[in-house]
Amino acid sequence: MQILDGKALAQKIEKNVADKVVKLKNETGRTPGLAVILVGQDPASAAYVNMKKKACDRVGFYSVTHEMPEDISQEAIEKTITMMNDNPNIDGILVQLPLPPQIDTTKILELVDPSKDVDGFHPYNVGRLVTNLDGFVPCTPLGVMELLAEYDIDVKGKNCCVVGASNIVGKPMANLLLNADATVEICHIFTDDLKKHTLQADIILVGVGVINLIKEDMVKDGAIIIDIGINRAENGKLVGDVDFENVSKKCSYITPVPGGVGPMTIAMLLSNTLKAAELHAAENA
Ligand code: NAD
Numbered sequence: 002m003q004i005l006d007g008k009a010l011a012q013k014i015e016k017n018v019a020d021k022v023v024k025l026k027n028e029t030g031r032t033p034g035l036a037v038i039l040v041g042q043d044p045a046s047a048a049y050v051n052m053k054k055k056a057c058d059r060v061g062f063y064s065v066t067h068e069m070p071e072d073i074s075q076e077a078i079e080k081t082i083t084m085m086n087d088n089p090n091i092d093g094i095l096v097q098l099p100l101p102p103q104i105d106t107t108k109i110l111e112l113v114d115p116s117k118d119v120d121g122f123h124p125y126n127v128g129r130l131v132t133n134l135d136g137f138v139p140c141t142p143l144g145v146m147e148l149l150a151e152y153d154i155d156v157k158g159k160n161c162c163v164v165g166a167s168n169i170v171g172k173p174m175a176n177l178l179l180n181a182d183a184t185v186e187i188c189h190i191f192t193d194d195l196k197k198h199t200l201q202a203d204i205i206l207v208g209v210g211v212i213n214l215i216k217e218d219m220v221k222d223g224a225i226i227i228d229i230g231i232n233r234a235e236n237g238k239l240v241g242d243v244d245f246e247n248v249s250k251k252c253s254y255i256t257p258v259p260g261g262v263g264p265m266t267i268a269m270l271l272s273n274t275l276k277a278a279e280l281h282a283a284e285n286a
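With the working numbering, the residue at position 59 of the sequence shown is 60, and numbering never jumps.
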């Protein structure tokens, strides 16, 4: 069994992004800029935003966080996004989800300029992903594809079982695998007999949010396991959706939690923001 080391690859990607930031600044005078919108006091959201901000600092991006109270109005968030859309110093806009219930999240995401949509959540970019055209791809599944490529794992013709079907993780994951010529099955909370499906898979990619959902008897010998889940165990430790201790004895490759997909998500946010900055620089050249 080999560990797929997302932390090491993320560091390599960060270094590469930092080098390209220097080059972009030298050639165009432009510094990539990321605006983050954080609504409310949810500690997990605040922690993620803080990690993203620190990563921006490490690679030399300009970044700004707009912190807003839980009871903020739809209009106030929309006004901020419109300002960021019009701000030439901002290349990427990230709205930290989830938003409070009074906010129409779809309307907010649709307002983000697709050329600044570094999370890849705007329907324009979703459509481009589905049709296998270049665009912005959600960071977590994009990071998984990069991690597989780093270890020379070719998904072409492989049976892939994606467990979890959210717009952020499962659906874009499935589309990326399909675009890379894998045979893809998507399972979710209403899937009958999950084990029947996972047992057929050469690669299982799980992003659900249930501790130990994937157990040893659900995995065929030599399978590749990508654990996207992030859960807080009773002892306070971060764990994924896979029973790592027992499944790791049976599989050929596995991502750890933490240190697998998580760091890759941040690395992809940086590379998506750099990509947006390079596109904006080319448009203004
Ligand atoms: P979500 O709640 O939006 O979606 C969960 C999905 O899992 C749904 O499609 C649901 O049908 C499915 N599901 C729920 N229970 C199931 C079960 N028992 N069997 C099969 N399917 C089931 O969540 P999300 O935003 O997609 O996040 C999923 C997990 O991925 C969470 O643990 C989250 O913390 C993690 N996550 C990790 C990263 C990262 O960087 N590694 C990024 C985003 C989300």
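Cβ atoms here follow ideal geometry from the backbone N, Cα and C, with glycine treated the same way.
K157 and P259 have their C-alpha atoms spaced approximately 27 Å apart.
Contact between E186 and V163 holds: CB atoms are separated by about 7 Å, below the 8 Å threshold.
Remark: C-beta atoms of E79 and I109 approach each other more closely than 8 Å. Non-local C-beta neighbours of G223 in its own chain, meaning closer than 6 Å and more than five positions away in sequence, comprise S253, ordered along the chain. Within the same chain, D218 and M219 come within 8 Å of K196 by CB-CB distance, once the 5 residues on both sides are set aside. V243 is positioned such that its CB atom lies closer than 8 Å to that of V207. Relative to the ligand NAD, the beta carbon of V96 is positioned no closer than 7 Å to any heavy atom. Of the residues I190, G144 and A234, the one whose Cα lies closest to the Cα of D6 is G144. Residues of the same chain with a CB within less than 7 Å of the CB of V18, apart from the 5 flanking positions on each side, are V60, L271, S272 and L275 in chain order.
In this chain, the beta strand (DSSP E) harbouring Y63 covers Y63 to M69. Sequence-distant partners of D182 (beyond 5 residues in either direction) whose C-beta falls short of 8 Å from its own C-beta, in its chain, are V156, K157 and G158. Per the coordinates, the alpha-carbon of G261 lies some 6 Å from the alpha-carbon of K8.
Residue environment for Q97: buried (at least 16 other C-beta atoms within 10 angstroms of its C-beta). When the beta-carbon positions are compared, L25 and A278 come within less than 8 Å of each other.
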